[in-house]
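Data first, discussion second: the structure below is written as structure tokens.
There are 2 protein chains.
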Amino acid sequence: MPGVQTPTLRDVADAAGVHPATASRALNPATRGLVNADTARRVIKVAESLGYRPNPIARGLKTAKSGTVGLVIPDLTNPLFPPIVRGIEDVLEPAGYSGLIVNTDNDPSRERAQIETLRSRQVEGFIVATALLDHPLLDQLRREGVPMVMVNRRPDGLDVPSITPDDAAGVELAVRHLAELGHRRIAHLAGPANTSTGVIRARSFRNTVRDLGLDEDPALTATCSYWSEAAGAAALRSLLDSGAEFTAVVAGNDLIALGCYDVFAERSIECPRDVSVVGFNDMPFLDKLRPPLTTLAVPHQQIGAEAARMLLDAIRDPSRPARSVLLPLSLVVRGSTAPPGASAVE
Amino acid sequence: MPGVQTPTLRDVADAAGVHPATASRALNPATRGLVNADTARRVIKVAESLGYRPNPIARGLKTAKSGTVGLVIPDLTNPLFPPIVRGIEDVLEPAGYSGLIVNTDNDPSRERAQIETLRSRQVEGFIVATALLDHPLLDQLRREGVPMVMVNRRPDGLDVPSITPDDAAGVELAVRHLAELGHRRIAHLAGPANTSTGVIRARSFRNTVRDLGLDEDPALTATCSYWSEAAGAAALRSLLDSGAEFTAVVAGNDLIALGCYDVFAERSIECPRDVSVVGFNDMPFLDKLRPPLTTLAVPHQQIGAEAARMLLDAIRDPSRPARSVLLPLSLVVRGSTAPPGASAVE
DNA sequence: GACATTGCTGCAATCGACTGCACAAACCGC
DNA sequence: GCGGTTTGTGCAGTCGATTGCAGCAATGTC
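So the protein sequences, as listed, match chains A and B.
Numbering-wise (this note's numbering), the first sequence opens with residue 1 and increments by one.
Numbering-wise (this note's numbering), the second sequence opens with residue 1 and increments by one.
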């Protein structure tokens, strides 16, 4: 004998002696009021005893709701994203939703195709965490009224809700920390200029340096072409080669800071004696580095959770106005920052 | 004017002047042969020009196929899993499938509920990467003929296909490497005894030590209660406190090895001069540690990809016999291993 | 006691794609 | 020119749950 088929609504209705329509109404909290309380109770009990589980596919066909949302990220392998995804899932799941993840690898055409696939799968909304999403696509989704939330990136001029860490405040924390240690000539290895994050952090760096009365010197900023160790290393090398003098570095993110570590090893610069470094993101295991990296802790999981909540809100009430949330960061002070040592760089 | 509705099969059929049934057959490669070649061509062209995308929900209702599979993992936040998931998605996506991820946190009741949810979502199969899945549940799925593949874990006595790294060969590589450096007293910090991985690695450790004629001493093995830094540190402390003498440690995995680094710092033991350490998994950024950790590189992404391929095979042909695959590892030699130094540990 | 109201339940259509079956047209050979 | 195939297409039912509408009984009103 083959396994028992999972029971359908009809089975429940038959067992309870009612019509499927009645069973449907009894089981759905929103329509339960239409059914006699006793009948409803009976149906519910029967449903439980049979182990009935509504088939979301069938339901989705009629209601045009799939109970899924699309998660568009560049690459799950980047340690930034797993906690975000985890936070998202933790909110979606109790709400009866699931997330469908796609990796775009920051390839616009791939991204377009992926989004197309997700749409054909009838996702009810998107959480977009890619930096390079081209606006036409975004615009189009927006115009069609597809619910959407952006993560880690503020849409400029676009009416889309977003959840981002408070990058500006974070950079300010970092610079202030270095200033309190006594640093006056602080360099910045900025993230790519075509990412909102990179631009915002760089601007905040400039502002904070000015506000605190530190040495303002454009020559102390280098811009990385990618968010990567290699790019960070290259940027630091160019800064050193240019003869610029500084006693501390604010890196655009942790990967860029890791690139600095490589250059330190290359040129026997000792951190933090010769140069202090601050990262950004607090990736896992940074405390195991030598020296442990001072960095800004971003509440990634919370960001994901908040994004999911906002998306669910938007799905339930599409007319709800777009709201953007900045989440506060905290500075994690570790061994890579210290007062400027006796010997300066170079 | 609201956005144009996405076209349905009926729209395509009307536009092509045929019956929806004919359009369906023309669009489906498997049934296309039933349709006149000219008609088929015409339908396909119309479908393309309208931008028709079949609705997988509607299709799934009739065919009882959802185009989704369940990915059951303990915690996406564990750096082990993202590359595996990525490998899985990379295979599923071109096949028209999507993965639904659930995190069990190694909680059996949560796991049960999650799997139930996935089943009600009509997933066509499972890729299971949790260590603690209780057998009754597994057995039941198996009996009901639900396609399933296990990852990172060999099912003992269960007729389920699995993809695992060749743990035994990996440990052998590690021990052999240390032996070649001149180590004779090598300790092992084994993973939990209730995980197949922990047991297999420990057994291989014993075997290799014997085969190479190194010092066999049960006092040189400590078992960790979890795969974590804290447990690794605790195990190493207990080994040191017991007065055991050794010049190298084979850690059950990288986290346990990281725990060793903490203990080294605590007790001013210098690695690798005093003790060499080998990890397992090659998590990201281990090369940034001081000293960089020698470890075994596991082809996680490849494991995921292979698992997905096997699952798709099983879905297409459920009668296909269960096959288990061992993937080879490679030793990544970095700075944490060296010939035993002048001064031995305590 | 006639009639309106309320409350509950059943009927049947619907969502979009798939598919077994029937049927028409074309084609075949003799 | 007639039975007998192919070949191609259409019809209609199906998957499982939802929902507008109709109908029926109980209750209320005068």
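Beta carbons are placed, not taken as given, at the ideal position from N, Cα and C, and that holds for glycine.
This one's a predicted model, so the numbers in the text were calculated from it and none came from an experiment.
Quick check: what's the CA-CA separation for residue i versus residue j?
{"i": "L289(A)", "j": "P79(A)", "result": "16 Å"}
{"i": "L92(B)", "j": "P339(B)", "result": "46 Å"}
{"i": "A244(A)", "j": "G335(B)", "result": "32 Å"}
{"i": "S228(A)", "j": "A234(A)", "result": "10 Å"}
{"i": "D241(B)", "j": "H183(B)", "result": "21 Å"}
{"i": "S109(B)", "j": "L137(B)", "result": "11 Å"}
{"i": "E89(A)", "j": "L178(A)", "result": "37 Å"}
{"i": "R165(A)", "j": "Y97(A)", "result": "Arg is not the amino acid found at residue 165(A); the sequence shown has Pro there. Using only the alpha carbons, I get a separation of about 25 Å."}
{"i": "M150(B)", "j": "A13(B)", "result": "43 Å"}
{"i": "D139(A)", "j": "A129(A)", "result": "16 Å"}
{"i": "P82(A)", "j": "R153(A)", "result": "17 Å"}
{"i": "A113(B)", "j": "P56(A)", "result": "16 Å"}
{"i": "V102(A)", "j": "L71(A)", "result": "6 Å"}
{"i": "T39(B)", "j": "R32(B)", "result": "10 Å"}
{"i": "G279(A)", "j": "L255(B)", "result": "22 Å"}
{"i": "P2(A)", "j": "G51(A)", "result": "Only weak support is given to the placement of P2(A): the predicted model assigns it a pLDDT of 40, under 50, and the value that follows is read from those uncertain coordinates. Cα to Cα, the separation comes out at about 18 Å."}
{"i": "L189(A)", "j": "V325(A)", "result": "26 Å"}
{"i": "R348(B)", "j": "T63(B)", "result": "Because chain B is modelled from 1 through 346, residue 348(B) falls outside the range shown and cannot be assessed."}
{"i": "C260(A)", "j": "T117(A)", "result": "40 Å"}
{"i": "L141(B)", "j": "T68(A)", "result": "24 Å"}
{"i": "D211(A)", "j": "M283(B)", "result": "41 Å"}
{"i": "G341(A)", "j": "P291(B)", "result": "24 Å"}
{"i": "G145(B)", "j": "T6(A)", "result": "14 Å"}
{"i": "A60(B)", "j": "L311(B)", "result": "Note that residue 60(B) is Gly in the sequence shown here, rather than Ala. Distance between the alpha carbons of G60(B) and L311(B): 19 Å."}
{"i": "P218(B)", "j": "A95(B)", "result": "50 Å"}
Check the Cβ-Cβ distances between residue i and every residue of chain B, and say whether any is below 8 Å.
{"i": "F126(A)", "result": "no"}
{"i": "D159(A)", "result": "no"}
{"i": "S98(A)", "result": "yes"}
{"i": "Q350(A)", "result": "Residue coverage of chain A in this structure runs from 1 to 346, which leaves residue 350(A) outside it and unanswerable."}
{"i": "T337(A)", "result": "no"}
{"i": "P284(A)", "result": "yes"}
{"i": "A251(A)", "result": "no"}
{"i": "L214(A)", "result": "no"}
{"i": "L76(A)", "result": "yes"}
{"i": "L53(A)", "result": "Per the sequence shown, residue 53(A) should be read as Arg rather than Leu. So yes, R53(A) belongs to the interface."}
{"i": "N28(A)", "result": "no"}
{"i": "G13(A)", "result": "In the sequence under discussion, the amino acid at residue 13(A) is Ala, which differs from the Gly named in the question. By this cut-off, A13(A) is not an interface position."}
{"i": "V171(A)", "result": "no"}
{"i": "L61(A)", "result": "yes"}
{"i": "V72(A)", "result": "no"}
{"i": "N281(A)", "result": "no"}
Is it true that the CB of residue j sits closer than 8 Å to the CB of residue i?
{"i": "P147(A)", "j": "T104(A)", "result": "no"}
{"i": "S204(B)", "j": "D156(B)", "result": "no"}
{"i": "S276(B)", "j": "T208(B)", "result": "no"}
{"i": "G232(B)", "j": "A251(B)", "result": "yes"}
{"i": "I163(A)", "j": "I315(A)", "result": "no"}
{"i": "D215(B)", "j": "R185(B)", "result": "yes"}
{"i": "A322(A)", "j": "V160(A)", "result": "yes"}
{"i": "F285(A)", "j": "F264(B)", "result": "no"}
{"i": "L34(A)", "j": "A23(A)", "result": "no"}
So residue i and residue j are in contact, right, with Cβ under 8 Å, and what is the actual spacing, rounded?
{"i": "L100(A)", "j": "R119(A)", "result": "Rounded, the Cβ-Cβ distance is 11 Å, inconsistent with contact."}
{"i": "E124(A)", "j": "K65(A)", "result": "6 Å"}
{"i": "A187(B)", "j": "F126(B)", "result": "Not quite, the Cβ-Cβ distance comes to about 38 Å (not below 8 Å), so this is no contact."}
{"i": "T223(B)", "j": "A193(B)", "result": "6 Å"}
{"i": "V43(A)", "j": "A21(A)", "result": "At roughly 11 Å, the Cβ-Cβ gap does not stay under 8 Å, so V43(A) and A21(A) are not in contact."}
{"i": "I200(A)", "j": "A168(A)", "result": "6 Å"}
{"i": "L27(A)", "j": "V85(B)", "result": "With 8 Å as the limit, L27(A) and V85(B) do not qualify as a contact, their Cβ atoms being about 34 Å apart."}
I want to see whether chain A comes within less than 8 Å of residue i, judged by CB atoms only; does it?
{"i": "K355(B)", "result": "Nothing about residue 355(B) can be read from this structure; chain B reaches only from 1 to 346."}
{"i": "F264(B)", "result": "no"}
{"i": "A231(B)", "result": "no"}
{"i": "I44(B)", "result": "no"}
{"i": "E346(B)", "result": "Model confidence at E346(B) stands at a pLDDT of 40, short of 50, so the residue's coordinates are unreliable and nothing is read from them."}
{"i": "G304(B)", "result": "no"}
{"i": "P83(B)", "result": "yes"}
Closer than 7 Å: is that where the CB of residue i sits relative to any heavy atom of the ligand ADP?
{"i": "A190(B)", "result": "You won't find the ligand ADP in this model; it holds no ligand whatsoever."}
Check: If we count Cβ pairs, one from each stretch, closer than 8 Å, do we get three or more for the segment 321-331 of chain B versus the segment 295-303 of chain B?
Finding: yes
Next item on the list: Report yes or no: do three or more beta-carbon pairs, one from the segment 255-274 of chain A and one from the segment 204-213 of chain A, lie closer than 8 Å?
Entry: no
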